[in-house]
Structure formats: C-alpha cells, structure tokens
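Residue numbers for the sequence shown follow this note's numbering, so the first one is 282 and each next one is one higher.
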Amino acid sequence: MENARLDKAENLSSLENEVQKPRRPRSMTTLKLQWVAERARKCRRIKEAIEQGTYAVDSREVAKALLNVREEDLEG
C-alpha cells in the first residue's frame with residue numbers, strides 16, 4: 282500500500298516536471314507567419330474603411346513610415 286502511494290507520488294511529480302518545462306523559442310517561420318497574418322488583417326481593415334468611406338489618412342503615420350523614424354524623433 283505504501284509503495285503504491287510512493288509510485289503514484291513519483292508519477293505525479295514527473296508529470297508536473299513535464300508540464301512546467303519552458304517553452305522552446307519560436308522559430309523565425311512562426312514569427313514571419315504572425316507578421317504576415319497581422320499585415321493581412323491591417324490591409325483588410327483599411328480596405329473596409331475605404332469602401333465605407335470612413336478611411337482618413339494620418340499624415341504623421343505616413344511620415345513615420347516613409348522616413349522610418351520613431352514618434353520621439355518627429356517631436357524634436
């Protein structure tokens with residue numbers, strides 16, 4: 282009876298160790314797919330806004346994208 286309890290406790294602790302293992306880093310392929318998916322969602326939102334006539338261009342965002350700068354750099 283005592284041995285059965287010990288075996289069960291050992292199995293539970295080994296299962297806990299397996300569950301708590303750190304995740305492996307994401308591959309570049311996964312990161313690229315996430316980026317592509319986000320870009321597609323953004324394009325879809327913009328197209329829908331254009332079709333509805335509610336799209337307004339933010340000139341600061343356009344300037345940041347063209348110049349490849351951060352918001353803080355535009356302030357100065």
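Every residue, glycine too, gets a C-beta built ideally from N, C-alpha and C. In this text, all values refer to a predicted model and were calculated from it rather than measured experimentally.
{"Check": "Tell me whether Ser340 sits in a helix, a strand or coil according to DSSP, three-state version.", "Outcome": "helix"}
{"Check": "Among Ile327, Lys328, Glu356, which residue has its Cα nearest to the Cα of Arg222?", "Outcome": "Because residue 222 is not part of the residues shown, which for the chain are 282 to 357, the question remains open."}
{"Check": "From Leu312 to Ala337, what distance separates their C-alpha atoms?", "Outcome": "30 Å"}
{"Check": "Could you spell out where the alpha helix (DSSP H) holding Arg320 opens and where it closes?", "Outcome": "309-333"}
{"Check": "Can Lys345 and Glu353 be called in contact, C-beta distance under 8 Å?", "Outcome": "no"}
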